Amino acid sequence: MVADKLQEGVVQVFGNMFAFAAIKDDGSVVTWGAEDFGGDSSLVADKLQERVLQVSGNLYAFAAIKDDGSVVTWGAEDLGGDSSSVADQLQEGVVQVVGNRHAFAAIKDNGSVVSWGASAGGGDTSSVADRLQKGVVQVVGNYSAFAAIKDDGSVVSWGKASLGGDSSPVAARLQAGIVQVV
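Here it is, written out as structure tokens:
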């Protein structure tokens, strides 16, 4: 029973639109809520028993970073809960995971970015992949797009064009000197 698992040792609780995930002080994760949207983590339960450092959510799924830099995902498969298409890139070195409504983006310790989830919502970086191979220091997500700040002060965006994924109209102003994107 979930209530029994939440009696003590809870360090943080994360929520999405339909479910919750709690990290306990022993590094395990307890989930509850709508099963298809992350409330049921039974398919990855063996990977969530220890060593979880951080959990991030989008509206429909969760992603957990473990102490070895690997990522475990669960929830709505087509909206970020299934990261199998990029699993080889999420085995180590992940330092941050950010979610938006439909997708996730992970920064790796080498400054590269890996995305998964709904393609149109930022899960596909193919249009900007060459600019996300190194130097990324921060990623911010909105409803259906992501923006990455690079160590040279430039910004790269992808996802739904009309919701910020296309920054070409202001590209000249995003080439240097950017210190924060909100």
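All the letters of the sequence shown, read from the start, carry residue numbers 8 to 189 under our numbering. Ideal placement from N, C-alpha and C gives every residue a C-beta, glycine not left out. Treat the numbers as computed from the prediction; the structure is a model and nothing was measured.
Ranked by how close their Cα comes to the Cα of Asp74, the residues Ile185, Leu86, Glu99, Val9 have Glu99 in first place. Put simply, the stretch 89 to 104 does not touch the stretch 133 to 140. Fewer than three CB pairs are less than 8 Å apart. In the three-state reduction of the DSSP assignment, Leu66 falls in the coil class, being assigned neither a helical nor a strand state. Assigned with DSSP and collapsed to three states, Phe25 falls in coil, not helix or strand. The way I'd put it, the stretch 13 to 28 does touch the stretch 59 to 67; three or more beta-carbon pairs between them come closer than 8 Å. Annotation: Asn107 to Gly148 spans about 5 Å, alpha carbon to alpha carbon. When C-alpha distances from Gly45 are compared across Leu55, Arg58, Asp173, Tyr67, the shortest belongs to Tyr67.
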